[in-house]
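K.L.:
Read in order, the letters of the sequence shown correspond to residues 205 to 865 in the working numbering.
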Amino acid sequence: MFQLGFQPPALSDEHLDSLEQLRRRSTADILTMTTLAGCGHPGGSMSTLQALLLLYANCRIEPSAPLAENRDRIFVSHGHISPGVYAALANFGFCDRDEALVTFRNFGSVFGGHIEMGVPGVEWNTGNLGQGLSAAVGAALGARLESANPSLDLREQEGSSYKVVCCMGDGEQQKGQLSEARRLAVKYGCSNLIGIVDLNRLQIGGEIADIMPHDIPADWAADGWNVVQTDGHDWQALYGALRAAYRGEVEHPGRPTVVIAETIMGRGVPEMEGKAKWHGQSLKLEQAREALDHLGEPDRLGELMERRGALPPGEVNHPFPTLAPPKLKIGPAIVYPHDQVTDCRSAYGAVMKELAVENNNDRVRVVAFSADLEGSVKLGGFHNTSPAAFIEGGIQEHNSATASGRLSREGYSVFFSTFGMFGVTEVFNQQRLNCFNKANLKLVCTHCGTDVGEDGPTHQAIDYVGLLRSTYSWEIFVPADPNQCDRMIRAIADRPGNQFVGMGRSKMNSLSTADGSAPFYGADYEFVPGRAELIRDGDDGAILAVGPMVLEAQQAHDLILQRTGKRIRVVNMASLRPFDRDAILAAATTGFVLTAEDHHPDTGLGGLVSMVLADAGIATRLERAGVDRWAMSGKPAEIRRAYRLDAEGLADRVVKALSSN
Numbered sequence: 205m206f207q208l209g210f211q212p213p214a215l216s217d218e219h220l221d222s223l224e225q226l227r228r229r230s231t232a233d234i235l236t237m238t239t240l241a242g243c244g245h246p247g248g249s250m251s252t253l254q255a256l257l258l259l260y261a262n263c264r265i266e267p268s269a270p271l272a273e274n275r276d277r278i279f280v281s282h283g284h285i286s287p288g289v290y291a292a293l294a295n296f297g298f299c300d301r302d303e304a305l306v307t308f309r310n311f312g313s314v315f316g317g318h319i320e321m322g323v324p325g326v327e328w329n330t331g332n333l334g335q336g337l338s339a340a341v342g343a344a345l346g347a348r349l350e351s352a353n354p355s356l357d358l359r360e361q362e363g364s365s366y367k368v369v370c371c372m373g374d375g376e377q378q379k380g381q382l383s384e385a386r387r388l389a390v391k392y393g394c395s396n397l398i399g400i401v402d403l404n405r406l407q408i409g410g411e412i413a414d415i416m417p418h419d420i421p422a423d424w425a426a427d428g429w430n431v432v433q434t435d436g437h438d439w440q441a442l443y444g445a446l447r448a449a450y451r452g453e454v455e456h457p458g459r460p461t462v463v464i465a466e467t468i469m470g471r472g473v474p475e476m477e478g479k480a481k482w483h484g485q486s487l488k489l490e491q492a493r494e495a496l497d498h499l500g501e502p503d504r505l506g507e508l509m510e511r512r513g514a515l516p517p518g519e520v521n522h523p524f525p526t527l528a529p530p531k532l533k534i535g536p537a538i539v540y541p542h543d544q545v546t547d548c549r550s551a552y553g554a555v556m557k558e559l560a561v562e563n564n565n566d567r568v569r570v571v572a573f574s575a576d577l578e579g580s581v582k583l584g585g586f587h588n589t590s591p592a593a594f595i596e597g598g599i600q601e602h603n604s605a606t607a608s609g610r611l612s613r614e615g616y617s618v619f620f621s622t623f624g625m626f627g628v629t630e631v632f633n634q635q636r637l638n639c640f641n642k643a644n645l646k647l648v649c650t651h652c653g654t655d656v657g658e659d660g661p662t663h664q665a666i667d668y669v670g671l672l673r674s675t676y677s678w679e680i681f682v683p684a685d686p687n688q689c690d691r692m693i694r695a696i697a698d699r700p701g702n703q704f705v706g707m708g709r710s711k712m713n714s715l716s717t718a719d720g721s722a723p724f725y726g727a728d729y730e731f732v733p734g735r736a737e738l739i740r741d742g743d744d745g746a747i748l749a750v751g752p753m754v755l756e757a758q759q760a761h762d763l764i765l766q767r768t769g770k771r772i773r774v775v776n777m778a779s780l781r782p783f784d785r786d787a788i789l790a791a792a793t794t795g796f797v798l799t800a801e802d803h804h805p806d807t808g809l810g811g812l813v814s815m816v817l818a819d820a821g822i823a824t825r826l827e828r829a830g831v832d833r834w835a836m837s838g839k840p841a842e843i844r845r846a847y848r849l850d851a852e853g854l855a856d857r858v859v860k861a862l863s864s865n
């Protein structure tokens, strides 16, 4: 297969003949795999196909090294055109053609209904429309950062180490996240980014002009992109447009470029052309045979159908490539005196500044995203130390969540910080897909729980644990005090996978040792995911607490001892995934367990402890203290008092429970 690299100014007759043969063959593959599966999206696959074939014939990506660091990245945002993507990749040697034809959409196949990274050449698992461009922006930023001077603002620098292309449908242009992504790409000079819009003017419900009219070229131009419009079925015209975008031969070379390709749904089969029904409907067997005959391609439907019927049961899961973050210089811990009043977010900011000093000296290794909250999440020191590595995404959290997640697969340690409500609740689907895409994002959220000042319920993130636990691999950590926060951030900085760290807004004392003479988490403390810590010992009952409730529980322990002489065990459950099952079971042996959290008790620690005890078949008295109804505006101390989550309230709960034995 030829590789042009967008070097020739025009396609030769030989190239045109080869591409046309590829188009017919790939179209036949699209029809074959969707007919065999009895479902799929052939129409858009056929309209986008010529753009896909030109990309794989020209971009710097090789079947022998699909994950080469200097490769061009090709994203397909409208992941439902998987038949077209698989056909193009197979015909360029990235994957086995017959396997794609026979196993498409079959249980256990890597050739899923929407594209997945189990297929070489696929950069990102997509399907939820509107997110692909954000992922592509993340990759484009990775190329920009690779050669950047860390001490200068990225916007003041030029250069990138590879190109990034994002193919999109026209229907998904209705999504607001695309606007967010476009603006960020222009802000940071991502001239290495090329968008391609397949403008076939149809979506599943009919014509886009009827469903949601809008001026697609004007939208892109308004956000500052170069806009090139072309005929998506004229090989020379489409090649010329893509070549100009790839080589930066456009009106504004320092900006990204979008190629808007006028196409026809179902291109190549008269029965299908220009009809919205073929967006998500496959041809029947006889229709497919007629289409193959029209294309002049062999009919293998009978043979391949027999092979599909004989497939063994599929595996439930198949591996995606995992790309780990870089190893970092973590630096020594900062120890805050137990009588020093400070906040976890300031401790976070101090570690981030140190990480920048230690690791971003000769090149960028640690990146921080903010969402117009640099001061609130304490990233000012990081920003001043390493301007190139600070990405201000504005009030565009959906885009920042996806872009930062993708960037974390490009060899950087990436932190995204905002308030808990905006980093998890608002963008849950984006974080869910970061999980599915095996990102390495460090999501550090402040203003969690009711500790948001007096902003009220709209800003009180009291459901983040349950949301993240509903995914399959997000790790969830909530520090009890600034000292634990310091060690926690250092522990996750180069840890593979996605980690969430949540904290409140308010200043606090750090936990102290039992004699009150020193901080509980001293210089020798190391945070270990999955390990709970015994703050106070006792056998008359147990309080399992998380986050700021640990300090309240420590004080409640002292109150209970003074009032009743009973010793209550206090356990810090800072690691909620992975969690310390043994610590929960050990607490149950005391006969009474109280869980305490600044969170919904059904979906947070309370729900987790209930599940563990039920699974183990252990019967013990259990009370779950938390935010069990909408809170109100107010100071955190006022809210905790009202919900009996302060030291007095927790002590009263325990004393009442023990007195009723």
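All C-beta atoms, glycine included, are put in the ideal place defined by N, C-alpha and C. Only a predicted model underlies this, so the values are computations on that prediction, with no experimental measurement involved.
Comparing C-alpha positions only, which one of L812, H804, G745, R844 sits nearest to M777?
P.N.:
The residue given as residue 777 occupies position 573 in the sequence shown. The option with the nearest alpha carbon to M777 is L812.
K.L.:
Does DSSP put C371 in a helix, a strand or coil?
P.N.:
Sequence index remark: in the sequence shown, residue 371 carries index 167 (1-based). DSSP places C371 in strand when its eight states are reduced to three.
K.L.:
Using DSSP with H/G/I as helix, E/B as strand and the rest coil, what is T231?
P.N.:
As a first step, residue 231 must be located in the sequence shown, where it is residue number 27. Reduced to three states, the DSSP call for T231 is helix.
K.L.:
Are G322 and P523 closer than 8 Å when you measure CB to CB?
P.N.:
Along the sequence shown, one-based indexing puts residue 322 at 118. Along the sequence shown, one-based indexing puts residue 523 at 319. Yes, they are a contact pair.
K.L.:
What first and last residue would you give for the beta strand (DSSP E) that runs through G706?
P.N.:
For this step, residue 706 is matched to residue 502 along the sequence shown. Where G706 is concerned, the enclosing beta strand (DSSP E) stretches over 703 to 706.
K.L.:
S364 bridges to which residues according to DSSP?
P.N.:
Reading the sequence shown from its first residue, position 160 is the one you call residue 364. Bridge pairing for S364: absent [DSSP].
K.L.:
For a test of the three-state rule: what should DSSP assign to T434, helix, strand or coil?
P.N.:
Residue numbering aside, residue 434 sits at position 230 when the sequence shown is read from its first letter. In the structure shown, T434 sits in a strand (DSSP, three-state: E or B).
K.L.:
Can you give the Cα-Cα distance for R228 and L397, rounded to whole angstroms?
P.N.:
Mapped onto the sequence shown, residue 228 falls at position 24. Mapped onto the sequence shown, residue 397 falls at position 193. Approximately 29 Å, taken between the alpha carbons.
K.L.:
Please go through the same chain and pick out, in chain order, the residues whose beta-carbon is closer than 7 Å to the beta-carbon of M416, but skip the five residues on each side of it.
P.N.:
Residue mapping note: residue 416 aligns to position 212 of the sequence shown, counting from 1. Excluding positions up to five away in sequence, the list reads Q378.
K.L.:
Mind checking who F573 pairs with in its DSSP beta bridge?
P.N.:
The residue you call residue 573 lines up with position 369 of the sequence shown. BP columns for F573 point to I595, F620.
K.L.:
Could you please give the first and the last residue of the uninterrupted beta strand (DSSP E) stretch that includes E466?
P.N.:
Counting from 1 along the sequence shown, the entry for residue 466 is found at position 262. Here the beta strand (DSSP E) through E466 covers 461 to 466.
K.L.:
Mapping DSSP to helix, strand and coil, what is M250?
P.N.:
On the sequence shown, position 46 is the one that residue 250 refers to. Helix at M250.
K.L.:
Smallest Cα separation from Q703: which of I693, M712, F724, M372?
P.N.:
As a first step, residue 703 must be located in the sequence shown, where it is residue number 499. Nearest of I693, M712, F724, M372 to Q703, Cα basis: I693.
K.L.:
If we ignore side chains and look at the alpha-carbon of each, how far apart do F681 and P782 end up?
P.N.:
Residue mapping note: residue 681 aligns to position 477 of the sequence shown, counting from 1. Residue mapping note: residue 782 aligns to position 578 of the sequence shown, counting from 1. Their Cα atoms are separated by approximately 9 Å.
K.L.:
For M250, does the count of other Cβ atoms within 10 angstroms reach 16, so buried, or fall short, so exposed?
P.N.:
In the sequence shown, residue 250 corresponds to position 46, counting from 1. It counts as buried.
K.L.:
When we look at the beta-carbon of R833 and count the other beta-carbons within 10 Å, is it buried (16 or more) or exposed?
P.N.:
Against the sequence shown, residue 833 aligns to sequence position 629. Classification of R833: exposed, given that the 10 Å Cβ count is below 16.
K.L.:
Determine the contact status of A352 and A575, defining contact as a CB-CB distance below 8 Å.
P.N.:
Counting from 1 along the sequence shown, the entry for residue 352 is found at position 148. Counting from 1 along the sequence shown, the entry for residue 575 is found at position 371. No, the Cβ-Cβ distance between A352 and A575 is not below 8 Å.
K.L.:
Taking the alpha carbon of G535 as the reference point, which residue from R549, A514, A560 has its own alpha carbon closest?
P.N.:
Translated into the one-based positions of the sequence shown, residue 535 becomes position 331. Out of R549, A514, A560, A560 has the C-alpha closest to the C-alpha of G535.
K.L.:
To the nearest angstrom, how far is the alpha carbon of E320 from that of G670?
P.N.:
Residue mapping note: residue 320 aligns to position 116 of the sequence shown, counting from 1. Residue mapping note: residue 670 aligns to position 466 of the sequence shown, counting from 1. Whole-angstrom Cα-Cα distance: 26 Å.
K.L.:
Answer yes if the segment 487 to 501 comes into contact with the segment 652 to 659, meaning at least three C-beta pairs across the two stretches below 8 Å, and no otherwise.
P.N.:
no
K.L.:
Among residues of its own chain, excluding the 5 on either side of F298, which ones have a beta-carbon nearer than 7 Å to its beta-carbon?
P.N.:
By one-based count along the sequence shown, residue 298 stands at place 94. P267, P270, P324, G325, listed in sequence order.
K.L.:
Let me make sure I understand the geometry here. Which of G838, G247, L637, D302 has the alpha-carbon closest to that of E510?
P.N.:
Looking up residue 510 in the sequence shown gives position 306. The residue with the shortest Cα to Cα distance from E510 is D302.
K.L.:
Let's see if you can read the secondary structure: which residues bound the alpha helix (DSSP H) around G810?
P.N.:
The sequence position of residue 810 within the sequence shown is 606, counting from 1. Segment 809 to 820, the alpha helix (DSSP H) holding G810.
K.L.:
Looking only at C-alpha atoms, which of L817, D217, R857 sits nearest to E756?
P.N.:
One-based indexing of the sequence shown puts residue 756 at position 552. Nearest C-alpha to E756: R857.
K.L.:
How about the segment 604 to 613 and the segment 336 to 343: do they share at least three Cβ pairs that are nearer than 8 Å?
P.N.:
A contact is defined here as three or more CB-CB pairs under 8 Å, and the segment 604 to 613 meets this definition with respect to the segment 336 to 343.
K.L.:
Along the chain, where does the alpha helix (DSSP H) that runs through N870 open and close?
P.N.:
One cannot answer for residue 870 here, as it falls past the ends of the chain, which runs 205 to 865.
K.L.:
Could you check what DSSP says for Q407 in three-state terms: helix, strand or coil?
P.N.:
For the purposes of this step, residue 407 is taken as the residue at position 203 of the sequence shown. Three-state result, Q407: strand.
K.L.:
Do the CB positions of S195 and L215 come within less than 8 Å of each other?
P.N.:
It is not possible to answer for residue 195, since the shown part of the chain is limited to 205 through 865.
K.L.:
Going by beta carbon distance, what residues of the same chain come within less than 6 Å of S550, once the five residues before and after it are set aside?
P.N.:
Taking the first residue of the sequence shown as 1, we reach residue 550 at position 346. Cβ within range, chain order: K582.
K.L.:
Taking 8 Å as the threshold, find out whether the segment 674 to 689 comes into contact with the segment 745 to 755 through three or more Cβ pairs.
P.N.:
yes
K.L.:
Applying the criterion that 16 or more other CB atoms from any shown protein chain within 10 Å of the CB defines a buried residue, is L356 buried or exposed?
P.N.:
Taking the first residue of the sequence shown as 1, we reach residue 356 at position 152. L356 comes out exposed.
K.L.:
Is K839 helix, strand or coil when you go by DSSP?
P.N.:
Residue mapping note: residue 839 aligns to position 635 of the sequence shown, counting from 1. Coil.
K.L.:
Check whether the segment 402 to 421 and the segment 449 to 456 are in contact - that is, three or more C-beta pairs closer than 8 Å.
P.N.:
Not touching, per the Cβ criterion.
K.L.:
Just the Cα atoms here: how many angstroms apart are L515 and N274?
P.N.:
As a first step, residue 515 must be located in the sequence shown, where it is residue number 311. As a first step, residue 274 must be located in the sequence shown, where it is residue number 70. A straight line joining the alpha-carbon of L515 with that of N274 spans about 37 Å.
K.L.:
How many whole angstroms separate the CB atoms of G745 and G808, which I take to be in contact at a CB cut-off of 8 Å?
P.N.:
Mapped onto the sequence shown, residue 745 falls at position 541. Mapped onto the sequence shown, residue 808 falls at position 604. That pair is no contact at about 20 Å.
K.L.:
Please determine, among R735, H663, F724, the residue with the shortest C-alpha to C-alpha distance to A695.
P.N.:
Within the sequence shown, residue 695 is the residue found at index 491, counting from 1. Per the Cα distances, R735.
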